[in-house]
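**Q** Residue numbers (our numbering), protein chains in the order written: chain A, 1 to 199; chain B, 200 to 440.
From the three backbone atoms N, C-alpha and C, an ideal C-beta is built for every residue, glycine too.
The structure displayed is predicted, hence computed values, not measured ones.
Let me give you the structure first, and then I'll get to my questions.
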């Protein structure tokens, strides 16, 4: 098949997506083409729609079709709590669990020496401004339990230390649901013991 | 087929592709070595490639010049013990980033490996900050920038309170007086008649070693001194305030 052939181009584009190899890309392309073209049309409409309407929320950095996003503009949300997360995937994960009803702040990554991400590359200053201008009483740092994630959390804690009345919390570390002790790594067991609760 | 086995300390991991990572390890016998680690993002292996983890590593490549691949097995986790302590976590990141940025690849530095490992062991003690400073001095020496802090560079016999920024040698109070504005301060606990350090002295020592790291060890590096080292010093200064 020639490289400038539209089918080849479609396969190439699909192949560039995360988690899709050459074989999967060919299968998806064939499925879209042979499925009476409806799948292909729906997909192209959906992609066009997204391309034209997607916006970054001016408050929390979430992606949505409106700005401020649905979460920031919702009246049902607890406006006094902000959950700080690294990226939109984390927001989707928390929203899936339906366990949190407050607002979010997406940093756009975490501090990383190897990837050259410094404090200026993250929206930490905007978080500080939000806390200054909104009536926030609690900030939840929901960052990954890695060295980089926790050092970002400590950096933000330092930055927010000027707000004496503000409660700063982080997510618990420890045993996952369904986790068997025998299969856990040493670090998780150590952290779980350190964070144990009385029952 | 090239293959060897060693123990090492994870210095950094750069995600590569969807499932793997290029992992930099300071090994006991083979120095700082890179390799591809397949499955780095799996639940099982994610904690393994955190900075500071001590691992059993097996490196394999078709020819010795290739990047090669790692097989890793955890011996001891360090980072998870320090997650709640911002200062110790910053010190760990600083030490690993310094090694990762400054050490040439595939050049044995077993002394530095043992020094780093011993410094990690000291995180449990109350003098871990001093042990960090001594490790940085050893690190500078290993790179060929050793400081001479036991006798006066100008031949003075009095108390040593300065360090010359030019030679990296200690200078006594009377000999250094005319140049005192240009001199770096030698913290008391690094003077020959050592005393137990307090936080202020540790910060002075961090300022002193930073000068030599910046102007000697990292002078020719395009990225300069690693950000993690600067953050550690800033955090320490804030901790004293």
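By Cβ distance below 6 Å, which residues in the same chain neighbour residue 366 (chain B) in space, the five residues on each side in sequence not counted?
**A** To locate residue 366 (chain B), count along the second chain from 1; it is residue 167. The residues are 352.
**Q** Cβ of residue 151 (chain A) less than 9 Å from any chain B Cβ?
**A** As a working note, residue 151 (chain A) is residue 151 in the first chain. Chain B contact via Cβ: present.
**Q** Does the beta-carbon distance from residue 100 (chain A) to residue 84 (chain A) come in below 9 Å?
**A** The sequence position of residue 100 (chain A) within the first chain is 100, counting from 1. The sequence position of residue 84 (chain A) within the first chain is 84, counting from 1. Their beta carbons are not under 9 Å apart, which means residue 100 (chain A) does not touch residue 84 (chain A) by this criterion.
**Q** Residues of chain A with a CB under 8 Å from the CB of residue 231 (chain B): which are they?
**A** As a first step, residue 231 (chain B) is located in the second chain; it is residue number 32 there, counting from the start. None at all; the shortest Cβ gap to chain A is about 14 Å.
**Q** For residue 276 (chain B), which residues in the same chain have their Cβ closer than 6 Å to its Cβ, ignoring the five residues on either side in sequence?
**A** Working through the second chain from its first residue, we reach residue 276 (chain B) at position 77. 252, listed in sequence order.
**Q** Count Cβ pairs between the stretch 289 to 300 of chain B and the stretch 425 to 432 of chain B that sit closer than 8 Å; are there 3 or more?
**A** They touch, by the three-pair rule.
**Q** Output needed in chain order: residues of the stretch 370 to 399 of chain B with a Cβ under 9 Å from some Cβ in chain A.
**A** Cβ contacts with chain A: none found.
**Q** Check the Cβ of residue 88 (chain A) against every Cβ in chain B and list those closer than 9 Å, keeping chain order.
**A** Locating residue 88 (chain A) in the first chain gives position 88, counting from the first residue. Within 9 Å Cβ-Cβ: nothing; residue 88 (chain A) doesn't reach chain B, min ~18 Å.
**Q** Give every residue of the same chain whose Cβ lies closer than 7 Å to the Cβ of residue 173 (chain A), excluding the five residues on either side of it in the sequence, and list them in chain order.
**A** Walking along the first chain from the start, residue 173 (chain A) turns up at place 173. If we look at residue 173 (chain A) and ignore the five residues flanking it on each side, its Cβ neighbours are 145, 191, 195.
**Q** Give every residue of the same chain whose Cβ lies closer than 7 Å to the Cβ of residue 305 (chain B), excluding the five residues on either side of it in the sequence, and list them in chain order.
**A** Against the second chain, residue 305 (chain B) aligns to sequence position 106. Excluding positions up to five away in sequence, the list reads 229, 230, 232.
**Q** Buried or exposed: where does residue 287 (chain B) fall if 16 or more other Cβ atoms within 10 Å of its Cβ makes it buried?
**A** Position 88 of the second chain holds residue 287 (chain B). Looking at its Cβ environment, which holds 16 or more other Cβ atoms inside 10 Å, residue 287 (chain B) is buried.
**Q** Give the interface partners of residue 250 (chain B) over in chain A, defined as CB-CB distance under 7 Å, in chain order.
**A** Within the second chain, numbered from 1, the residue matching residue 250 (chain B) stands at position 51. Going along chain A in sequence order, the residues near residue 250 (chain B) (Cβ under 7 Å) are 147.
**Q** What is the rounded straight-line gap between the Cα of residue 392 (chain B) and the Cα of residue 326 (chain B)?
**A** For the purposes of this step, residue 392 (chain B) is taken as residue 193 along the second chain, with counting starting at 1. For the purposes of this step, residue 326 (chain B) is taken as residue 127 along the second chain, with counting starting at 1. Using only the alpha carbons, I get a separation of about 17 Å.
**Q** Do the stretch 379 to 391 of chain B and the stretch 343 to 361 of chain B meet, that is, are 3 or more Cβ pairs less than 8 Å apart?
**A** In short, these stretches touch, since the Cβ pair count reaches three.
**Q** Any beta carbon from chain A within less than 9 Å of residue 227 (chain B)'s own beta carbon?
**A** As a first step, residue 227 (chain B) is located in the second chain; it is residue number 28 there, counting from the start. It does not; no Cβ of chain A falls within 9 Å.
**Q** Looking at the unbroken beta strand (DSSP E) that takes in residue 84 (chain A), where does it start and where does it end?
**A** Position 84 of the first chain holds residue 84 (chain A). It spans 78 to 85 - the beta strand (DSSP E) in which residue 84 (chain A) sits, taken as one unbroken run.
**Q** Taking residue 125 (chain A) as the query, report the chain B residues whose CB atoms sit under 7 Å from its CB, ordered along the chain.
**A** Taking the first chain and counting its residues from 1, the one referred to as residue 125 (chain A) is at position 125. Result: empty, since nearest Cβ-Cβ is about 16 Å, beyond 7 Å.
**Q** Using alpha carbons as the reference points, say which of A:49, A:58, A:82 lies closest to residue 135 (chain A).
**A** Looking up residue 135 (chain A) in the first chain gives position 135. The option with the nearest alpha carbon to residue 135 (chain A) is A:82.
**Q** Taking the C-alpha atoms as reference points, what is the distance between residue 22 (chain A) and residue 58 (chain A)?
**A** Within the first chain, the letter at position 22 stands for residue 22 (chain A). Within the first chain, the letter at position 58 stands for residue 58 (chain A). The alpha-carbon atoms of residue 22 (chain A) and residue 58 (chain A) are separated by roughly 38 Å.
**Q** Tell me where the beta strand (DSSP E) around residue 360 (chain B) begins and ends.
**A** Counting from one through the second chain, the residue named residue 360 (chain B) turns up at place 161. Note, residue 360 (chain B): beta strand (DSSP E), 359 to 362.
**Q** So, does the CB of residue 285 (chain B) fall closer than 9 Å to a CB anywhere in chain A?
**A** As a first step, residue 285 (chain B) must be located in the second chain, where it is residue number 86. Chain A, which has a Cβ nearer than 9 Å to the Cβ of residue 285 (chain B), makes this yes.
**Q** Can you pull the DSSP bridge partners for residue 254 (chain B)?
**A** Position 55 of the second chain, counted from the start, is the residue given in the question as residue 254 (chain B). DSSP lists B:207, B:273 as partners of residue 254 (chain B).
**Q** When you measure from the CB of residue 81 (chain A) to every non-hydrogen atom of the ligand GTP, does any distance come out below 8 Å?
**A** Inclusion of the ligand GTP in the displayed structure is not the case, the ligand content being empty and no account of it being possible.
**Q** Near residue 111 (chain A), which residues of its chain fall below 8 Å by C-beta distance, leaving aside the five closest residues on each side in sequence?
**A** Within the first chain, numbered from 1, the residue matching residue 111 (chain A) stands at position 111. Excluding residues within five positions, the ones whose Cβ falls inside 8 Å are 117, 118, 119, 122, 148, 151, 152, 155.
**Q** Is the CB-CB distance between residue 209 (chain B) and residue 250 (chain B) below 9 Å?
**A** Stepping through the second chain from its first residue, residue 209 (chain B) is reached at position 10. Stepping through the second chain from its first residue, residue 250 (chain B) is reached at position 51. Yes, they are a contact pair.
**Q** Starting from residue 18 (chain A), find everything on chain B with Cβ-Cβ shorter than 8 Å and list it in chain order.
**A** Here residue 18 (chain A) is taken as the residue at index 18 of the first chain, counted from 1. Those are 217, listed as they occur along chain B.
**Q** For residue 105 (chain A), list the residues DSSP reports as bridge partners.
**A** Here residue 105 (chain A) corresponds to residue number 105 of the first chain, with the count starting at 1. Partner(s): A:84.
**Q** Could you name the residues of the same chain whose beta carbon sits closer than 8 Å to that of residue 344 (chain B), not counting the 5 residues immediately before and after it, in chain order?
**A** Here residue 344 (chain B) corresponds to residue number 145 of the second chain, with the count starting at 1. Excluding positions up to five away in sequence, the list reads 367, 411, 415, 416.
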